[in-house]
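Okay, so here's the structure we're looking at.
Residue numbers (the numbering used here), protein chains in the order written: chain S, 2 to 223; chain W, 170 to 595; chain V, 73 to 453.
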């Protein structure tokens, strides 16, 4: 993506290194008040309840995970519970298949959200996150898969039509192109906008100055 | 010369029939002015009445209780920039509002405000009114087409379809009323008829027929007259593009319908035409079914005493309005900033009171009270228009057509047949 | 031959006007019925809708990007600006998501206050919806009635936290403000005041012939289609799916109250109207129960001055007036969220528009936009 090279914004973006800012504040260990057991609203969480003590993910044991493990082996890289919420990390190659099975076999018929997280330091920069919900089981699961920049995940539009706009938004904000999406174009930003704002290397006040100049006739939208 | 001018005052026919050109011209001017004032008053009243239905105050700023608001609006509209879309068909765009407004005003030539108070008495008066008022659809279509824009086009198409379909129901209702002029059934008052057996299309003769038969046609052949009236009342709302049939200018769908591209003075012509068309169709309804200029209860409360009492009504109404305005003057806040408003309202009250007193003069009140009763009936019908607007959601296009063709049309035909049969049998 | 040429020329000149049954019109972004800056491109055959395309983003402010550049506390007021009609719900969802991420628990008193204010806000949101929806269909009067009554709710908000629309009523860990003197009395007075008003709206519309004709069978959608399209909230319930996060996965103090989930059967605009009217009554019920027994105690949990949630991610959703409002937060252990994702109900629900209006008439588009109850601030974020 040539447009990723960000045009120097009027002011240097100071967001990318936010952990640096936290140096000035007194460290408050977050583990000092896990006294109330975090009352997991999950009614039918199949296995181990939330583990509030050390806020670390614990293994998520359930028949469904076992089934997936049997089927895909190491393709299921992680199945954990964090704060009472279950999630699975799967290989990018099989994520579409897994999602299909999730809907057909495990009755996760409602795709709540499709979104992405950008980790520029990683080799595979993007986490694509699918939040699923099953009406029958009253259970929420997140499925995550890692994708490199330029890699094209398969669209889940054929599984859940709701992914249409959600994937378009992910494309709009992160530049992740979903393969097989019927109408993949920008949704919130103008169609000829350059750059993907939710990537970490896109500054908070950065803009497509060329677009702004041409279309709005002003120097800067700030 | 003086004779020529005063000769009409003693005549008992319309200026047109008397061949008095001068008085005909005076009438035309008076009607034009009166209509303009009526439209302005309607504008203010509609906003006020609608506001009070909707728990708000409406215009309050310009003048006491916003009385001058319509005038301020008119001035604003006149001095507004006159925008003509560059892609519009200039000539047609320019002509369209004129057609609409001319047709809306022309119909008033035959509207009888009293037995003598009409510009002329055409023997095909009803036909003339229906014909001319349906010409206004031409202006609407022209406006929509000439704007060369999508919303106005759709608005114009809706409008033409709607007006054409409702004209049929309207026509059928009118025919059944005309039929009644010749059929001397007994009506609900049980008074034997003495009519000649010929029907009339003349507006004045229709009212005279009602006087002769001693019943308003809305009560005749009960409930046939009433049903015909209701059919007409619904059709006339559709005909004038008012809520709940205001699809051609459905604000939430087509922004403003056929006059989306119009602004300023041109737009105000459409506005003027809309309201005068409302008054025109209400006049038809009043003439055909509600006894035109006849006072209420002509037979139940007859006799000279009652005549006198009813003839006092116009003056008393104006005195009542003057009284209300005067109460407003008293209740006005005593503050220097309100002085001008207070004086203005007091002046308004004085003018109203003066008019009221003049109307109490016997010579005047005998000549004028016909106009008063006619106006009161038209005003009641106008109030209904406002009431509809405050209450009803808007019909969808297919439902509108359904109401027109599948409900009103069959009812109209049925009423016509039954009326004819009843007229022969009774 | 010459005929054909002129024919072609005309087509080139303006295809949509002549010799074509299809008309493309642009509804919005400046249009009275699109509730803000939604632009819908309609493909029409006469009055019939052949297809639509929504163009959104006119109100895009990059809320998610802002979230990544603010601390957890600083981002809190921003969420009010998404669905500005139901700002309290947005705030509740965000605060609870952060609390979950930090392993915090709001005290019971705070939870009760949260429930009361959120339900009041649901009422306010539904009232605004009813007024504008009725206005779109051509009934202008209900708008003024609902605004009059919504005003009373806003007055309570104003008295509680000083703001009327973008309230910023809650803080992470509880509530900033203790209830003011006479809060319970005000709320109870409001409940008494508003119950007959809801009857009044229903009187104007529920049996109104034109209203029924305009809404029955319009914008039909089945429960399966709703689920496939991710449509939630009253729209889903009106299609017969009895699902409400307040019951399915209770948050705040909702598990302690007795209320019903109203559902419809037909899945049309009329049923959605009825469901929302019933929901307003259920909200009254919840408020009535809650205001009677607000527990004593602190209103704020022990929250560190500087919030640094442990590394991890969380998805938390609540039942906003429009549907499932979800927050997906990723923490990298710093004071600012690494990623804030808002799952807006309006955005997802709006997707159903095309399906719901295909084959309908132009007037139905307006009705369906109204019945989906979208807020463009939330669609575009």
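All residues carry an ideal CB built from backbone N, CA and C; glycine is no exception.
Item	Value
List the residues that DSSP assigns as beta-bridge partners of residue 127 (chain S).	S:119 and S:148
Where does residue 154 (chain V) fall in DSSP's three states?	coil
Answer with yes or no whether the minimum CB distance from residue 121 (chain S) to chain V is below 8 Å.	no
Who are the Cβ neighbours of residue 407 (chain V) in its own chain at under 8 Å, not counting the five residues just before and after it?	143, 144, 378, 379 and 380
Measure the C-alpha to C-alpha separation of residue 191 (chain V) and residue 214 (chain S) and round it to an integer number of angstroms.	45 Å
Measure the Cβ-Cβ separation of residue 260 (chain W) and residue 434 (chain W) and say whether it is below 8 Å.	no
Name the two residues that bound the continuous alpha helix (DSSP H) containing residue 166 (chain V).	159-174
Check residue 386 (chain V) in the structure and name its three-state DSSP category.	strand
Rounding to the nearest angstrom, what Cα-Cα distance links residue 281 (chain W) and residue 445 (chain V) in this structure?	51 Å
I need the boundaries of the beta strand (DSSP E) containing residue 115 (chain V), first residue and last residue.	111-117
Could you give the distance in angstroms between the alpha-carbon of residue 209 (chain S) and the alpha-carbon of residue 420 (chain V)?	27 Å
Taking the straight line between their C-alpha atoms, what separation do you get for residue 606 (chain W) and residue 463 (chain W)?	Chain W is shown only over 170 to 595; residue 606 (chain W) falls outside these bounds and no answer can be derived.
Nearest CA to the CA of residue 266 (chain W): which residue from W:230, W:244, W:313 and W:286?	W:313
For residue 140 (chain S), which residues does DSSP report across the bridge?	S:135
Say whether chain W places a C-beta atom closer than 8 Å to the C-beta of residue 75 (chain V).	A caution first: residue 75 (chain V) carries a pLDDT of 39, below 50, which makes its placement in the model too unreliable to give a value.
Suppose you measure from the CA of residue 453 (chain V) to the CA of residue 414 (chain W); what does that come to, to the nearest Å?	38 Å
In chain order, what residues of the stretch 133-150 of chain S put their CB closer than 8 Å to some CB of chain V?	136, 139, 141 and 143
With DSSP as the reference, label residue 552 (chain W) as helix, strand or coil.	helix
Three Cβ pairs or more, each shorter than 8 Å: is that satisfied between the stretch 152-160 of chain S and the stretch 91-101 of chain S?	yes
Using the Cβ count rule (16 or more neighbours within 10 Å means buried), how would you classify residue 131 (chain S)?	buried
Check whether the Cβ of residue 362 (chain V) lies closer than 8 Å to any Cβ atom in chain W.	no
Whole angstroms is fine: what's the gap from residue 352 (chain V)'s alpha carbon to residue 312 (chain V)'s?	18 Å
So does the stretch 226-238 of chain V actually touch the stretch 251-271 of chain V, counting three or more Cβ pairs closer than 8 Å?	yes
Quick check: the stretch 217-237 of chain W against the stretch 557-567 of chain W, are at least 3 beta-carbon pairs closer than 8 Å?	yes
Can the beta-carbon of residue 289 (chain W) be found less than 8 Å from the beta-carbon of residue 185 (chain W)?	yes
Let's see if you can read the secondary structure: which residues bound the alpha helix (DSSP H) around residue 203 (chain W)?	190-222
Would you say residue 111 (chain S) faces chain V, with C-beta separation under 8 Å as the test?	yes
Please state the DSSP three-state secondary structure of residue 290 (chain V).	coil
Run down chain V in chain order and give the residues with a C-beta less than 9 Å from the C-beta of residue 560 (chain W).	211, 213, 276 and 280
I'd like to confirm the pairing. Which residues does DSSP put opposite residue 80 (chain S) in its beta bridges?	S:89
Is the Cβ-Cβ distance between residue 441 (chain V) and residue 107 (chain V) less than 8 Å?	yes
How big is the Cα-Cα spacing for residue 320 (chain V) and residue 214 (chain V)?	33 Å
Name the chain V residues that come within less than 7 Å of residue 319 (chain W), Cβ to Cβ?	95 and 97
Which residues mark the beginning and the end of the alpha helix (DSSP H) in which residue 203 (chain S) is found?	It is not in any alpha helix (DSSP H) - residue 203 (chain S) carries neither H nor E in the DSSP assignment.
If you measure beta-carbon to beta-carbon, which residues of the stretch 538-568 of chain W are closer than 8 Å to chain V?	558, 559, 560, 561, 562, 563, 564, 565, 566, 567 and 568
Identify, in the order they occur along the chain, each residue of the same chain with its Cβ nearer than 7 Å to the Cβ of residue 98 (chain V), setting aside the five sequence neighbours on each side.	111 and 113
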